[in-house]
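*Asks:* Quick one: the structure is below, questions incoming.
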Amino acid sequence: MSIISIITQKGGVGKTTTAIHVGAALSKKKGVNVLLIDFDSQKNLSMGYGIEDDYPYTVKNFLDNTGEFRLKHHGSSNVYILAGDALLEEEESYNRDTLKTNLTNLLEQMPFDYVLIDCPPRPLMKKLTLGEMALCASDYVMSPIEAEQYSFAGIDNLLPAFMNIKEKHNPNLEFLGFFFNKVLTNTVNFRKYSEMIKQEEEAKDYFFKTYIRQDMNIEKAKQEGKNIFQVNSSSRAAEDYKNLVKEIKSKIKKYESESV
1 MSIISIITQK GGVGKTTTAI HVGAALSKKK GVNVLLIDFD SQKNLSMGYG
51 IEDDYPYTVK NFLDNTGEFR LKHHGSSNVY ILAGDALLEE EESYNRDTLK
101 TNLTNLLEQM PFDYVLIDCP PRPLMKKLTL GEMALCASDY VMSPIEAEQY
151 SFAGIDNLLP AFMNIKEKHN PNLEFLGFFF NKVLTNTVNF RKYSEMIKQE
201 EEAKDYFFKT YIRQDMNIEK AKQEGKNIFQ VNSSSRAAED YKNLVKEIKS
251 KIKKYESESV
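Under UniProt numbering, read the sequence shown as residues 1 to 260, first letter to last.
Below is the structure:
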C-alpha cells in the first residue's frame, strides 16, 4: 500500500487533474482499490467527481472524528473519494499527525492499494499547514509543474521544505518527482526547460521522464465528471497517464527494494 501526496507551490498547474487521472490509471488493474482524499478547501476534486456540496461526510468529519463515515464510490471503478469540505482550514485543534493517525486507523479496516492526497496549493510554510499534515501521513510525494518561469521558481521553495519535513517529521517520505503537465511539445518554453533538465545531471533524479500533453479530452472529462479513460481511452493524454503510472510504480518499487 502506498500513500502519495500531490502538491504544488502554485495553483492552476493540474494537481487535481493529476489525482483524478492517475487514480483512474492505477485502478485499471483488476483488484486494485484506490482512495482519493480531497484535502483542499476549494473542493475541486469533489466537484470533478460530481459530489454534491451537501454530501453528508467530508474530510473535515474524518479529521474531527464526527459524523457517520462514508466514501463516495465512483461508478463501476475501484476508485473511492473522501469528499472535500469548504470549511477545511488549518486549525489549532489539528496537529501534524491528525491525518496520519486517522488514515492509519482507516487503512487497518479498509486496505486500499493506493491513497492519493490532493493537497492545497502553497502547502509548505513555517506554520503547520494542510500540506505538511498530508506529507506527514504519506510515503511519497509528486508534483506537476508547467514549463514556465513561475513553476520552476516554485521548485526552489518546495524541495527544501520537503526535505525539512522528511528530516524532522517523516524520515520514510520519498520524493517521486516533478513532471511537466499541460504540455505543448512544439513551444519554445517546453523545449527550453526540458532541455535544461537533460543537461543538469542532478535534476534528472527529480523529474519523471513522462510528461502530460494538452488534450481536449481532459477538459471533456472534467465537464462530464469522468476520467480520461472513460472519455477516450486511446487519447494521447490517456497514454501519457498510463506511462506516468508505470514510472510511479517503477520508482516505488525501487524505493521499496532499497529499504529492505
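Don't be surprised by glycine CBs; every beta carbon is placed ideally from N, CA and C.
#1: Grab me the residues of C119's own chain with a C-beta within less than 6 Å of its C-beta, minus the 5 sequence neighbours each way, in chain order.
#2: How about the stretch 152-171 and the stretch 63-71: do they share at least three Cβ pairs that are nearer than 8 Å?
#3: Roughly how far, in whole angstroms, is the beta-carbon of T98 from the beta-carbon of L63, given that I think they are within contact range, below 8 Å?
#4: Have a look at A238 and E247 and give me their C-alpha separation to the nearest angstrom.
#5: Which runs of the beta strand (DSSP E) at least 3 residues long sit entirely within the stretch 110-146? Give them in chain order.
#6: By how many angstroms is the C-alpha of H169 removed from the C-alpha of D113?
#7: Give me whichever residues DSSP pairs with G177 in a beta bridge.
#8: Taking the continuous beta strand (DSSP E) assigned at L87, which residues delimit it?
#9: Under 8 Å, do F190 and L184 count as touching if we go by C-beta distance?
#10: Between which residues of its own chain and I252 is the CB-CB distance below 6 Å, once the five residues before and five after are set aside?
#11: Tell me the DSSP secondary structure of L63 in three-state form.
#12: Are the beta-carbon atoms belonging to V141 and L176 less than 8 Å from one another?
#13: Are the beta-carbon atoms belonging to Y241 and V22 less than 8 Å from one another?
#14: Which residues does DSSP pair with V22 in a beta bridge?
#15: Grouping DSSP H, G and I as helix and E and B as strand, with all else coil, what is R96?
#16: Does the separation of the CB atoms of N44 and N78 fall below 8 Å?
#17: Between A83 and I51, which are expected to be in contact by the criterion C-beta below 8 Å, what is the C-beta distance as a whole number of angstroms?
#18: For the candidate residues I20, K10, S194, whose alpha-carbon lies nearest to that of F229?
#19: Applying the 10 Å Cβ sphere with the 16-neighbour rule, what's the burial state of K182?
#20: For S143 and P111, what's the separation of their Cα atoms in angstroms?
*Replies:* Taking the structure as given:
#1: S5, I7, F39, G131, A134
#2: no
#3: 6 Å
#4: 14 Å
#5: 114-118, 140-145
#6: When rounded, the distance between both Cα atoms is 24 Å.
#7: M142
#8: It is not in any beta strand (DSSP E) - L87 carries neither H nor E in the DSSP assignment.
#9: yes
#10: S2
#11: helix
#12: yes
#13: yes
#14: Its beta-bridge partners do not exist; DSSP assigns none.
#15: Coil at R96, not helix or strand.
#16: no
#17: 5 Å
#18: I20
#19: For K182, the number of other beta carbons within 10 angstroms of its own is at least 16, and it is reported as buried.
#20: 25 Å
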